[in-house]
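Undergrad:
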């Protein structure tokens, strides 16, 4: 059973560019969340998708946007990149809160995408 | 506001010694609590979780954690540390809004293990 997968592993961009990161959830999961982890810090919640709609959003600007596809996979887009966007971007999948199952309410993380903005 | 505090930024222990990593949370309702471990350059691996019931929960790799509501704590323990346990450990609280959950993480505790 494949876990959460993310691509690419690493990315190097320059300021002002745009980037798209991709995530495939664990088999059977329907909810995808994205987190940003700056160096030396804990992950911070960006947003969460369920049924192809953004359901929750953290304190991130509109430059950060996302999408969820019918197969539950997801993309994170960041426009007008800033140096401060350099971080490890983590995707997590889960079953929607309240639904039955041992994995309900538990988020499983992918290996992350390391974004460097020069 | 919900928050998680991990008071120890860096801990060093000798292999075979016991370990306790501290975690304090602030959350108005009954918390869902998690411990994750992150090896260098890797994603987060779930060690254990607490939702309800027995306040002492067992996880993978020989770890356990105890939920103490009176102290708003969820400390992680291991009786005998192995060199492979060297990593960064994150405590998190699950918050729920409108049927959707998100995690709030602490800043992490970096564990070093001396041979």
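Residue numbers (my numbering), protein chains in the order written: chain A, 1106 to 1223; chain B, 267 to 381. Glycine is no exception: its CB is placed at the ideal position from the N, C-alpha and C atoms.
1) I'd like to know whether the C-beta of residue 1127 of chain A is nearer than 7 angstroms to at least one C-beta of chain B.
2) Taking a cut of 8 angstroms between CB atoms, which residues from the region 1149 to 1169 of chain A lie near chain B?
3) Could you check whether the region 1122 to 1131 of chain A touches the region 1172 to 1190 of chain A, counting it as contact only if at least three pairs of C-beta atoms, one from each stretch, sit closer than 8 angstroms?
4) Using a Cβ-Cβ cut-off of less than 7 angstroms, give me the residues of the region 1117 to 1144 of chain A that come near chain B, in sequence order.
5) Specify whether the region 1208 to 1220 of chain A and the region 1109 to 1117 of chain A touch according to this definition: at least 3 beta carbon pairs, one from each stretch, less than 8 angstroms apart.
6) Between residue 291 of chain B and chain A, is there a C-beta pair that is closer than 7 angstroms?
7) Looking at the structure shown, is residue 1142 of chain A part of a helix, part of a strand, or coil, going by DSSP?
8) Taking C-alpha atoms, which residue in A/1156, A/1223, A/1121 and A/1165 lies nearest to residue 1141 of chain A?
9) Can you tell me which of B/283, B/270, B/278 and B/267 puts its alpha carbon nearest to the alpha carbon of residue 344 of chain B?
10) Which term fits residue 1134 of chain A, buried or exposed, when burial requires 16 or more other beta carbons within 10 angstroms of its beta carbon?
11) How would you label residue 367 of chain B, buried or exposed, when you count the other beta carbons within 10 angstroms and need 16 or more for buried?
12) Pick helix, strand or coil for residue 315 of chain B, following the three-state DSSP scheme.
13) Measuring only the C-alpha atoms, how far is residue 370 of chain B from residue 326 of chain B?
14) Which stretch, first to last residue, makes up the beta strand (DSSP E) that contains residue 1110 of chain A?
15) Could you name the residues of the same chain whose beta carbon sits closer than 8 angstroms to that of residue 372 of chain B, not counting the 5 residues immediately before and after it, in chain order?
16) Name the chain A residues that come within less than 7 angstroms of residue 416 of chain B, Cβ to Cβ?
17) What separation, rounded to the nearest whole angstrom, lies between the Cα atoms of residue 333 of chain B and residue 1158 of chain A?
TA: So, from the listed chains and residues:
1) no
2) Of all residues in the region 1149 to 1169 of chain A, 1149, 1150, 1153, 1155, 1160, 1161 and 1163 have a Cβ within less than 8 angstroms of some Cβ in chain B.
3) With a cut-off of 8 angstroms, the region 1172 to 1190 of chain A and the region 1122 to 1131 of chain A count as touching, because enough Cβ pairs lie within range.
4) 1138
5) yes
6) no
7) In this structure, residue 1142 of chain A counts as strand in the three-state DSSP scheme.
8) A/1165
9) B/283
10) buried
11) Here residue 367 of chain B is buried, its C-beta having at least 16 other C-beta atoms within 10 Å.
12) If DSSP states are grouped into helix, strand and coil, residue 315 of chain B belongs with the strands.
13) 22 angstroms
14) 1110 to 1112
15) 270, 271, 272, 289, 356, 357 and 358
16) Missing from the structure shown is residue 416 of chain B; chain B here goes from 267 to 381 and no further.
17) 34 angstroms
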